[in-house]
Amino acid sequence: MSAAQYWFDTTPGTNTFDIGEHIRLSFWRYGLGTAWFKATSAVPPYMAEARWNDISFHFEWVPQQYLILRLPHAEKTVEDAFALVLGFKPVFRYTDGNETVIEWRKADRAARWNELVERDQPNLALA
Numbered sequence: 013m014s015a016a017q018y019w020f021d022t023t024p025g026t027n028t029f030d031i032g033e034h035i036r037l038s039f040w041r042y043g044l045g046t047a048w049f050k051a052t053s054a055v056p057p058y059m060a061e062a063r064w065n066d067i068s069f070h071f072e073w074v075p076q077q078y079l080i081l082r083l084p085h086a087e088k089t090v091e092d093a094f095a096l097v098l099g100f101k102p103v104f105r106y107t108d109g110n111e112t113v114i115e116w117r118k119a120d121r122a123a124r125w126n127e128l129v130e131r132d133q134p135n136l137a138l139a
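Count the sequence shown with the numbering used here and you get residues 13 to 139, in order.
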């Protein structure tokens with residue numbers, strides 16, 4: 013199991029406080045020791061927001077399927093921390109409005125890629 017064993021590798025439960033605690037501990041141990049994470053949805057797709065240094069970002073996920081990270085701009089340290097915590101590298105990246113979006117996918121990679129291509133997602137690239 014990865015460092016995200018209590019919130020990405022398995023269903024994280026239905027309590028946003030507990031989910032947020034598991035996320036915080038994952039990142040504090042394996043990447044972003046000064047970040048603050050808060051779960052905002054305790055039903056799939058689960059959602060959380062975070063702040064690290066002067067960067068606020070948010071992400072959504074469905075356990076064992078995908079995680080979508082949205083940042084105000086590309087931030088390699090945050091991306092690397094997510095890859096380390098999840099235990100695998102991102103699949104693709106693109107921009108959506110003013111946000112940089114990075115996706116990790118374990119399921120339906122080709123279907124998601126085709127969906128993004130069909131809607132002509134700006135700056136779409138394999139990660």
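Idealized CB from N, CA, C, for every residue including glycine.
*Quick one: grab the DSSP three-state call for residue 15.*
In the structure shown, residue 15 sits in coil (DSSP, three-state: anything other than H, G, I, E or B).
*Looking at the structure shown, is residue 83 part of a helix, part of a strand, or coil, going by DSSP?*
Here residue 83 carries a strand assignment [DSSP, helix/strand/coil].
_I'd like to know if the segment 77-88 and the segment 25-40 are in contact, where contact means that at least 3 CB-CB pairs between them fall below 8 Å._
No: the two stretches stay apart, fewer than three of their Cβ pairs being nearer than 8 Å.
*Check whether the Cβ atoms of residue 141 and residue 115 lie closer than 8 Å to each other.*
The structure shown does not extend to residue 141, since the chain is modelled only from 13 to 139, so the question has no answer here.
*Is the distance from the Cβ of residue 123 to the Cβ of residue 78 below 8 Å?*
When the beta-carbon positions are compared, residue 123 and residue 78 stay at least 8 Å from each other.
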